[in-house]
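Structure first, then comments.
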Amino acid sequence: MKKTLLIILLCFLTINIQGQSKKESILETIEGSYDRAPNTANLAKYLNKLKGDIKNISKSFKSLRWAVSNNNRSNKKKHAQAIKNKTEVLMSNCLLSYKYAENITTKLKISSEQKQKMFSLKTEISYLYKSGESLGKTCDFLINKPGKLTPKKFNSMVDSYQLGKEYNRLMKKTKVLLRIAITESYQ
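Numbering of the sequence shown is given in the numbering used here, commencing with residue 10 and proceeding in unit increments.
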């Protein structure tokens, strides 16, 4: 009897764990509410795109690391160009995110506390944009002079462009979006 109850309990636990693995993030939940809150949903969509852009850039950094370790000039140039292109996509998504964040603060009637949190969110978006802009300039230099990229300079470049950490700081500021989406859906 005890074994049967234990097996049934384990089955329910397994089903519960499987159901939780498909839990949506806050941004995905907001993004799904486009009809009710278009500005907030678009902001969430572009913030989600930023995450994918940063993953693509980090993959290109890994490829560039391989080219630096093999001291292959043509591959250094090719991977630096790939990083630059992906950084430009990141920057355009930052601009669109900033535009929707600006629409939220100017067009919606939200509390002063929410406006302050949105200002903080916009600041983090602009920091990410500036980092992307700086990375693009560095890549321009590397495209023109790939021989200047040594393993030591590459390591310092990776340390100076911590886009993932900046994105995580940005994500900590997005909790306010859920309340703003609710406010926007009522207006």
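Ideal Cβ positions, reconstructed from N, Cα and C, are used throughout, including at glycine.
Query, Result
"contact_flag[the region 110-123, the region 166-181] where n(CB pairs < 8 angstroms) is 3 or more", "no"
"Simplified DSSP assignment, three categories, for Lys194", "A quick correction: the sequence has Ser, not Lys, at residue 194. Ser194 falls in the helix class under three-state DSSP."
"Ser135 versus Ser78 - alpha carbon distance", "33 angstroms"
"Nonlocal neighbours in the same chain, by C-beta distance under 6 angstroms from Lys126, ignoring five residues either side", "Val185"
"Supposed close pair Asp62, Lys93 - CB separation, criterion 8 angstroms", "Actually they do not touch by this definition, with Cβ atoms about 13 angstroms apart."
"Residue from Ser72, Lys87, Tyr109 whose Cα sits closest to the Cα of Tyr55", "Tyr109"
"Span of the alpha helix (DSSP H), counted from its first residue to its last, around Asn57", "47-79"
"Whether Leu59 touches Tyr138 by CB criterion (8 angstroms)", "no"
"Rounded separation between Ser106 and Lys64 - CA only", "18 angstroms"
"Close-in-space but distant-in-sequence residues of the same chain around Ile66 (CB under 7 angstroms, 5 per side omitted)", "Ile92, Lys95, Thr96, Leu99, Leu172"
"Complete alpha helix (DSSP H) runs within the region 115-164 (minimum length 4 residues, chain order)", "121-153"
"Leu52 versus Leu179 - alpha carbon distance", "13 angstroms"
"Contacting residues, own chain, Cβ-Cβ under 8 angstroms from Lys161 (five flanking each side not counted)", "none"
"Close beta carbons around Asn102, own chain, < 7 angstroms, minus the five adjacent residues each side", "Tyr55, Lys58, Leu59, Asp62"
"Whole-angstrom distance between Ala50 and Gly156, CA atom to CA atom", "45 angstroms"
"Nearest candidate by alpha-carbon position, reference Lys182, set Ser129, Leu158, Lys154", "Ser129"
"As assigned by DSSP and simplified to three states, the class of Leu186", "helix"
"Neighbourhood of Ile119 by C-beta distance below 8 angstroms, restricted to the same chain and skipping five residues each side", "Ile113, Met127, Ile189, Thr192"
"Where Gln90 falls: helix, strand or coil (DSSP)", "helix"
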